[in-house]
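This report refers to the structure that appears directly beneath it.
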Amino acid sequence: MTNSIEPIKIVCTDDEDSILRLVRAYISVCAQKPNTRVYGGHSKSELVDLVREHNPKMIITDKDMEREDIALEGIKEIREILKYETPVILMSGNMNGAEEKLKDLKDISYLIKPFNLSSFKETMKAAYPDYF
């Protein structure tokens with residue numbers, strides 16, 4: 004009998020490949036659990052598809068992809084799919100009032116670009132303390 008540990012699934016979306024690679028690298032450095040799967044995408048539609056397919060424990064997404072502000076509508080859509088409060092980290096170079104729009108939603112964190120390993124780890128630990 005195999006003793007398998009259920010993987011921690013994280014969905015990360017950004018329209019820049021370099022950011023996706025950076026987030027994957029930072030997760031591999033920061034994660035406290037060895038069985039981690041990061042699923043990446045480049046658009047709001049890919050974000051929604053990945054959430055449906057993988058039922059993640061955490062979502063890290065660019066606030067603005069394809070010139071579309073996904074913050075409020077995207078997070079509400081994701082929460083309807085998952086039926087529970089999944090920690091969401093919004094990445095952006097400029098939040099443009101996102102904090103105010105999202106103040107009534109729980110488990111939302113913000114990561115301002117450009118970010119370094121220290122700020123990434125701090126944000127991740129605050130969002131998901133059992134894992135980071």
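Here the sequence shown is numbered in the working numbering, starting from 4 and rising by one per residue.
Using N, Cα and C, we set each Cβ at its ideal position, and we do this for glycine too.
Problem - Simplified DSSP assignment, three categories, for Met127 - result: On the sequence shown, position 124 is the one that residue 127 refers to. Of the three classes helix, strand and coil, the one that applies to Met127 here is helix, per DSSP.
Handout entry: Residues that Ser122 bridges to, as DSSP identifies them
Key = Here residue 122 refers to the residue found at position 119 of the sequence shown. Paired residue(s): none; Ser122 is not in a bridge.
Handout entry: Residues bridged to Leu114 (per DSSP)
Key = In the sequence shown, the residue the question calls residue 114 occupies position 111. Paired residue(s): Met94.
Exercise for the section: Have a look at the DSSP bridge pairing and note the partners of Val14. Expected result: Sequence index remark: in the sequence shown, residue 14 carries index 11 (1-based). Paired residue(s): Tyr42 and Ile62.
Problem - For Asp67, three-class secondary structure by DSSP - result: Working through the sequence shown from its first residue, we reach residue 67 at position 64. In this structure, Asp67 counts as strand in the three-state DSSP scheme.
Practice task
Could you tell me the distance, in whole angstroms, from the CA atom of Ile78 to the CA atom of Ile92?
Solution key: For this step, residue 78 is matched to residue 75 along the sequence shown. For this step, residue 92 is matched to residue 89 along the sequence shown. Cα-Cα distance, rounded: 10 Å.
Practice task
Would you mind sorting Tyr131 into buried or exposed? The rule is 16 or more other CB atoms within 10 Å of its CB.
Solution key: Along the sequence shown, read from residue 1 onward, the residue named residue 131 stands at position 128. Its Cβ being crowded by 16 or more others within 10 Å, Tyr131 is buried.
Problem - Straight-line gap, Asp67 to Gly44 (C-alpha atoms, nearest Å) - result: The sequence position of residue 67 within the sequence shown is 64, counting from 1. The sequence position of residue 44 within the sequence shown is 41, counting from 1. So the two alpha carbons sit approximately 13 Å from each other.
Handout entry: Same chain only: Cβ atoms within 7 Å of Leu23, ignoring 5 sequence neighbours per side
Key = Within the sequence shown, the letter at position 20 stands for residue 23. Answer for Leu23: Cys15, Asp17 and Gly43, listed in chain order.
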